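Single-structure report; data block below.
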Amino acid sequence: MRARAAGAWLVLLVLLGAGAGAQERPAVVVTPGSVQTFRAAVQTFRDTSAVPKPGRAEEFRGWVEASLAFSDVLEPLAHAAFLGPETTVSLADDDVVCSDWSQIGADALVQGELRVDTEFAVEVRVWDTTRCVPLVRKRYRQPASADPRIIARRIADDVVEGFIGTPGVAATEITFVSNRKGNPEIYVMGADGSDVRQATANGSINVFPSWSPDGASIVYTSYRHQDRPLLYLSTRGRGRPGRLLRSLGGDFAEYRGVFAPDGKSLAVVMSAQDHASEIYRVSPEGRNLRPLSRSRAIDVAPAWSPDGKRLAFVSDRSGAPQIYLMDADGANQRRLTFQGVYNTHPAWSPDGKWIAYETRIGGQFDIWLTDPEGTFQVPLVQNPRSDESPTWAPNSRKIAFSSVRRGQADIYVIDVNGENLRRITRSAGDDTSPSWGPFSR
Amino acid sequence: MREVAVRLDEAHRREFKRFLAGSAGLHGLAFLVLALAPVVPSMSPPAAIPVRLVAAPAVPRPPAAPARPKPPKPPKPVPKVLPAEPVLPKPAAAPVPETPPPPVAQDYEDVLDSLRSELGETAPEAPPPSPVETAAVGVAQGVTVSPEVAAWLKNARIHVRRSWVVPPAFEMQTLVAEIRVKLGASGEVQGTPVVVSRSGNPWYDENVVRSIEKASPLPAPPEAGEWTFLFYSDRDS
Numbered sequence: 001m002r003a004r005a006a007g008a009w010l011v012l013l014v015l016l017g018a019g020a021g022a023q024e025r026p027a028v029v030v031t032p033g034s035v036q037t038f039r040a041a042v043q044t045f046r047d048t049s050a051v052p053k054p055g056r057a058e059e060f061r062g063w064v065e066a067s068l069a070f071s072d073v074l075e076p077l078a079h080a081a082f083l084g085p086e087t088t089v090s091l092a093d094d095d096v097v098c099s100d101w102s103q104i105g106a107d108a109l110v111q112g113e114l115r116v117d118t119e120f121a122v123e124v125r126v127w128d129t130t131r132c133v134p135l136v137r138k139r140y141r142q143p144a145s146a147d148p149r150i151i152a153r154r155i156a157d158d159v160v161e162g163f164i165g166t167p168g169v170a171a172t173e174i175t176f177v178s179n180r181k182g183n184p185e186i187y188v189m190g191a192d193g194s195d196v197r198q199a200t201a202n203g204s205i206n207v208f209p210s211w212s213p214d215g216a217s218i219v220y221t222s223y224r225h226q227d228r229p230l231l232y233l234s235t236r237g238r239g240r241p242g243r244l245l246r247s248l249g250g251d252f253a254e255y256r257g258v259f260a261p262d263g264k265s266l267a268v269v270m271s272a273q274d275h276a277s278e279i280y281r282v283s284p285e286g287r288n289l290r291p292l293s294r295s296r297a298i299d300v301a302p303a304w305s306p307d308g309k310r311l312a313f314v315s316d317r318s319g320a321p322q323i324y325l326m327d328a329d330g331a332n333q334r335r336l337t338f339q340g341v342y343n344t345h346p347a348w349s350p351d352g353k354w355i356a357y358e359t360r361i362g363g364q365f366d367i368w369l370t371d372p373e374g375t376f377q378v379p380l381v382q383n384p385r386s387d388e389s390p391t392w393a394p395n396s397r398k399i400a401f402s403s404v405r406r407g408q409a410d411i412y413v414i415d416v417n418g419e420n421l422r423r424i425t426r427s428a429g430d431d432t433s434p435s436w437g438p439f440s441r
Numbered sequence: 001m002r003e004v005a006v007r008l009d010e011a012h013r014r015e016f017k018r019f020l021a022g023s024a025g026l027h028g029l030a031f032l033v034l035a036l037a038p039v040v041p042s043m044s045p046p047a048a049i050p051v052r053l054v055a056a057p058a059v060p061r062p063p064a065a066p067a068r069p070k071p072p073k074p075p076k077p078v079p080k081v082l083p084a085e086p087v088l089p090k091p092a093a094a095p096v097p098e099t100p101p102p103p104v105a106q107d108y109e110d111v112l113d114s115l116r117s118e119l120g121e122t123a124p125e126a127p128p129p130s131p132v133e134t135a136a137v138g139v140a141q142g143v144t145v146s147p148e149v150a151a152w153l154k155n156a157r158i159h160v161r162r163s164w165v166v167p168p169a170f171e172m173q174t175l176v177a178e179i180r181v182k183l184g185a186s187g188e189v190q191g192t193p194v195v196v197s198r199s200g201n202p203w204y205d206e207n208v209v210r211s212i213e214k215a216s217p218l219p220a221p222p223e224a225g226e227w228t229f230l231f232y233s234d235r236d237s
């Protein structure tokens, strides 16, 4: 007993000594180097269906890898480099040989099983190969008739979240306007341009789609009733589709609506008969209508700050369109942009740090960034042909915009550091006015 | 790059020049974007549920109004009409400027440090035993640092940052984590490193521990035992 106590004291003394030693030693200070992406080895998921379909699991792995690559947080490793099994042997089996994966430079090992009967069911396990601990374990299922890529994107976003705490944006969606079938209608697609669906088909003019914060609805402007601009809702949630703000009657032309971040009100660009357009605030039911911008000039293009306390908007009160800021009650209006004679279409980043906007240079528009204090103006997208309508991904890492750089208007995505420009629409018509939705859940 | 920075006051101009030197100009600015931004709160999505948008019921058009081509007319107050930009003819060989190969990210300081270490030189601005170096690594005044220790501090730093993956998401705000690592005589990490001062972002702290384990073995330390590592997410720290 006494010997044991003495031993414990000795251990304590040694620990104290070691602690004191570490205290006196100078610290190694480490700052970021140039490595920005983790590397992921994605196994082919084991197909446990009663009747496995050849090639299905390989195809599914390709979708997971493509969605991972879209995150810019993890990049997939070439399969030829694998030392461990290329196909998941079993998820019940806990003895993954982490060194097989860390040796080839993989930070993550993505394993899985998929099964198709009446459902498409996937179980995934993600390993941190360096520390040899499971990082993510998750099941997914949906009707067998649904697009399996939906699950592939969710998996990729969850792997990203396991490493950085913020999901990827592969499973998010973008709504936009396209005249690919003649007239401008509202469409929805995946953030990588896949799975394009038509949200309106009324044969009229439909413009300015914008998501509700829960991602369940899109507010847009349509001319389908007596060729007058009015706001409508397209929804897949509990909300009622159809005309918004019906209670306002026919007094106003409603040019554009944008949901506040809490979803409880809308900033709406409206004009009464023979008046210039103003920005109003109103509940989605059309109650508590309040004018915000209050000037004789034309005020348009409201963009909420992510905390809902401020709005950026465009006004020509100085003689030419410039970007202004105001509080959500219309107070403290001040001009934000002074550089350039024509600045419009502000979009506030979800992290609140930046406002993307269009600025006219020569006869066309480029996309620039400014901070909400107006201290910096930084070019993001420059091209001899117009780049317009910037909209932020929910992780504030990417911006989608429309551009006529190939002749017709297409939608492109670019990282905020100016890298990874990708064209994501490929229709014969003009694709414009993108609005990026929230994180999928 | 002509009108890159407008109305920068003197401090910002200096800051901008530093970015230019550290990386390609635009990258540097973008890193600033990220360095200033907070981390978006995390969410865990449930199992995927496929959903489809339902088109709002179309209001029937008056029969007297046949589908006629009309210019999209987002109304007069809107300063810019949506697709009304003149559509330029598509040239036969329009250059497609998408997906330029991303320039290899060169970390100037890192490269310089490696070159110096290959040549057996020390950084001119930080002669090993000087108080400047001591201050730079956050050591209390009065602690003497031998040239041997100073050289190891630098080599360990270079070694660890090579295995430290820092996605831009971590650079959106300044995060600092302090961890204590037990190193063997030949530099191997013994046991599990302990986070003694958390950054506030658990994923960042996890990642820091991961990077130390991935870096094992480190360059052999002057003495085996516990060493402290400070990980700054800010490139300029």
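Residue numbers (the working numbering), protein chains in the order written: chain A, 1 to 441; chain B, 1 to 237.
Glycine residues also receive a C-beta, built at the ideal position from the N, C-alpha and C atoms.
Every value quoted in this text rests on a predicted model; they were computed, and no experiment measured them.
Any chance the CB of A/A260 is under 7 Å from a heavy atom of the ligand NAD? Ligands displayed in this structure: none; no statement on the ligand NAD is therefore possible.
Q. Between B/L183 and chain A, is there a C-beta pair that is closer than 8 Å?
A. Chain A contact via Cβ: absent.
Exercise. Applying a beta-carbon distance threshold of less than 9 Å, which residues of chain B neighbour A/R61?
Worked result: Under a criterion of Cβ atoms nearer than 9 Å, no residue of chain B is adjacent to A/R61; the nearest Cβ is some 17 Å distant.
Give me, in chain order, the residues of the same chain whose beta-carbon lies closer than 6 Å to that of B/L230; leave out the 5 immediate sequence neighbours on both sides.
Result list for B/L230: E178, in chain order.
Anticipated Cβ contact below 8 Å, A/G165 with B/N201, distance rounded: Indeed they touch by this definition, with Cβ atoms about 7 Å apart.
In the structure shown, what three-state DSSP assignment does A/P284 receive? The answer is coil: DSSP assigns A/P284 none of H, G, I, E or B.
Checklist line | Counterpart residues of B/V195 in DSSP-defined beta bridges | finding: B/I179, per the DSSP bridge assignment.
*Going by the beta-carbon positions, is the gap between B/A169 and A/V73 smaller than 8 Å?*
The answer is yes: Cβ separation under 8 Å.
Quiz item: Which chain B residues are close to A/T37, counting only those with a beta carbon under 9 Å from its beta carbon?
Solution: Close partners of A/T37 in chain B (Cβ separation under 9 Å): V165, P167.
Next on the checklist: Can you tell me whether A/F82 is helix, strand or coil according to DSSP?
Outcome noted: Coil.
Grab the span of the beta strand (DSSP E) containing A/P209 for me, first residue to last. Per DSSP, A/P209 belongs to the beta strand (DSSP E) from 206 to 211.
Quick one: Cα of A/D307 to Cα of A/D147, how far?
Each residue's alpha carbon lies about 35 Å from the other.
| said: When you compare the CB positions of A/I414 and A/S402, do they come within less than 8 Å of one another, or not? | reply: Contact: no.
query = Does the Cβ of A/N332 have 16 or more other Cβ atoms within 10 Å, making it buried, or fewer, making it exposed?
reply = The residue in question, A/N332, is exposed, as its Cβ has fewer than 16 Cβ neighbours within 10 Å.
Could you check whether the Cβ of A/T130 sits closer than 8 Å to any Cβ belonging to chain B?
By this cut-off, A/T130 is an interface position.
Margin query: Short of 7 Å in beta carbon distance, which residues of its chain neighbour B/V166, apart from the five on each side in sequence? Order them along the chain.
Written below: Once the five neighbours on either side are set aside, the close Cβ partners of B/V166 are S233.
Review point. For a contact meaning CB atoms closer than 7 Å, what does A/D107 contact in chain B?
Key: Simply V165.
Under 8 Å, with one C-beta from each stretch per pair, do the region 83 to 100 of chain A and the region 147 to 162 of chain A reach the 3-pair mark? Contact fails: fewer than three Cβ-Cβ distances are below 8 Å.
task = Name the one or two DSSP bridge partners that A/T221 has.
result = For A/T221, the beta-bridge partners assigned by DSSP are A/V207, A/L231.
Please list the residues of the region 154 to 184 of chain A that have a C-beta atom closer than 8 Å to any C-beta atom in chain B, keeping them in chain order.
The region 154 to 184 of chain A vs chain B, Cβ under 8 Å: R154, D157, D158, E161, F163, I164, G165, T166, P167, A171, V177, N179, G182, N183, P184.
Neighbour-count burial assignment, A/R287, 16 or more Cβ in a 10 Å radius: Taking a 10 Å sphere around the C-beta of A/R287, we find fewer than 16 other C-beta atoms and assign the residue as exposed.
Which residue's Cα is closest to the Cα of A/N395: A/T172, A/L248, A/L421, A/G190? Of A/T172, A/L248, A/L421, A/G190, the residue nearest in Cα terms is A/T172.
For A/A27 and chain B, any beta-carbon pair shorter than 8 Å? Interface criterion met: the Cβ of A/A27 is under 8 Å from a Cβ in chain B.
* To do: In angstroms with no decimal places, state the Cα-to-Cα distance between A/Q408 and A/T432.
  => Distance between the alpha carbons of A/Q408 and A/T432: 10 Å.
Residues near A/F439 in its chain [Cβ-Cβ closer than 7 Å; skip 5 each side]:
Excluding residues up to 5 positions away in sequence, P167, T172, P394 lie with their Cβ nearer than 7 Å to the Cβ of A/F439 in the same chain.
Practice problem: Quick one: give me the first and last residue of the alpha helix (DSSP H) that B/L153 is part of. | Solution: Looking at the DSSP string, the run of the alpha helix (DSSP H) that includes B/L153 is 147 to 163.
Check: Does any C-beta atom of chain A lie closer than 8 Å to the C-beta of B/S233?
Finding: With 8 Å as the cut-off, B/S233 counts as an interface residue toward chain A.
Any C-beta of chain B sitting closer than 8 Å to the C-beta of A/V89?
Residue contact with chain B for A/V89: absent (no Cβ-Cβ distance below 8 Å to any residue of chain B).
Give the range of the beta strand (DSSP E) segment to which B/G225 is assigned.
Where B/G225 is concerned, the enclosing beta strand (DSSP E) starts and stops at 225 to 232.
Where B/P38 falls: helix, strand or coil (DSSP)
Annotation note: pLDDT 45 at B/P38 (below 50); position unreliable, coordinate value reported separately. Of the three classes helix, strand and coil, the one that applies to B/P38 here is coil, per DSSP.
- Query: Straight-line CA distance for A/A400 to A/P390?
  - Reply: Those two C-alpha atoms are separated by around 6 Å.
*Measure how close the beta-carbons of A/V110 and A/Q43 come, nearest whole angstrom, since I'm counting them as under 8 Å.*
7 Å between Cβ atoms; contact.
Shorter than 8 Å from the beta carbon of A/R397 to some beta carbon of chain B? Interface with chain B (8 Å Cβ-Cβ cutoff): A/R397 is included.
Between B/R210 and chain A, is the shortest Cβ-Cβ distance under 8 Å, so that the two count as touching? Interface residue (Cβ-Cβ distance to chain A less than 8 Å): B/R210 is classified as such.
- Taking 8 Å as the CB-CB cut-off, is B/V145 touching chain A? Using a CB distance cut-off of 8 Å, B/V145 counts as an interface residue toward chain A.
**Request:** Give the interface partners of A/V73 over in chain B, defined as CB-CB distance under 8 Å, in chain order.
**Result:** Taking a Cβ-Cβ cut-off of 8 Å, the neighbours of A/V73 in chain B comprise P167, A169, given in sequence order.
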